[in-house]
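To keep things clear, I will list the structure first and then write my remarks on it.
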Amino acid sequence: MDEKNECCCHKKKKRTEKEYKDLINRLSRIEGQIRGIKRMVEEDAYCPDILIQVSAANAALNSFNKVLLSNHIRTCVADDIRAGKDETIDELVNTFQKLMK
57 MDEKNECCCH
67 KKKKRTEKEY
77 KDLINRLSRI
87 EGQIRGIKRM
97 VEEDAYCPDI
107 LIQVSAANAA
117 LNSFNKVLLS
127 NHIRTCVADD
137 IRAGKDETID
147 ELVNTFQKLM
157 K
C-alpha cells in the first residue's frame with residue numbers, strides 16, 4: 057500500500073529522541089504506580105489508601121495525555137494543516153471527544 061492510501065490505523069509518528077525518552081519515562085513511572093496498586097490489593101491494603109494511589113495514577117495518565125496531545129498538535133496537526141489536509145481537524149475533534157468522555 058502506498059502512503060496516500062494508508063489506513064489511519066497504520067499511521068506512525070517519528071518522535072525526537074528527547075520526546076521518545078520523556079514519554080517512555082512517564083509510562084515507566086505509571087507502570088510502577090500500577091504495579092504498586094496491584095501489590096496493595098494483594099496485601100489487603102486499606103481501601104482509601106488504594107483509592108488515593110489510583111487517583112495519583114489517573115493524574116499521571118492525564119499528564120501523559122496532555123504532553124502527548126500538545127506534541128501532536130504542535131507537530132502532526134500543524135504540519136497537516138499547513139499541507140492543506142483539513143481532515144486532520146476532524147480527526148483532532150474526534151480525539152478530543154473521546155478524551156472528554
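Counting in my numbering, the sequence shown runs from 57 upward without gaps.
Heads up, the beta-carbon is just placed ideally off N, CA and C, and yes, glycines get one too.
Review point. What residue range is occupied by the uninterrupted alpha helix (DSSP H) comprising Glu87?
Key: 73-98
Practice item. Express the C-alpha separation of Met96 and Ile145 in angstroms, rounding to a whole number. Key: 42 Å
**Study point:** Residue interval of the alpha helix (DSSP H) (run including Arg138)
**Key:** 134-138
Exercise for review: Grab me the residues of Glu73's own chain with a C-beta within less than 7 Å of its C-beta, minus the 5 sequence neighbours each way, in chain order.
Suggested key: none
Practice item. Say whether the segment 128-144 touches the segment 82-93, bearing in mind that this needs 3 or more beta-carbon pairs closer than 8 Å, one atom from each stretch. Key: no
Check your understanding: Using the C-alpha atoms, what's the distance from Phe120 back to Ala101?
Key -> 27 Å
Check your understanding: Hey, Asn79 and Arg71: beta-carbon distance below 9 Å or not?
Key -> According to the sequence provided, residue 79 is Leu. The question's Asn does not apply to it. Contact: yes.
Check your understanding: What is the rounded straight-line gap between the Cα of His128 and the Cα of Ile106?
Key -> 33 Å
Check your understanding: Going by beta carbon distance, what residues of the same chain come within less than 7 Å of Asp136, once the five residues before and after it are set aside?
Key -> Thr144
**Study point:** Nearest neighbour of Gly88, chosen from Leu117, Lys154, Lys122 [CA to CA]
**Key:** Leu117
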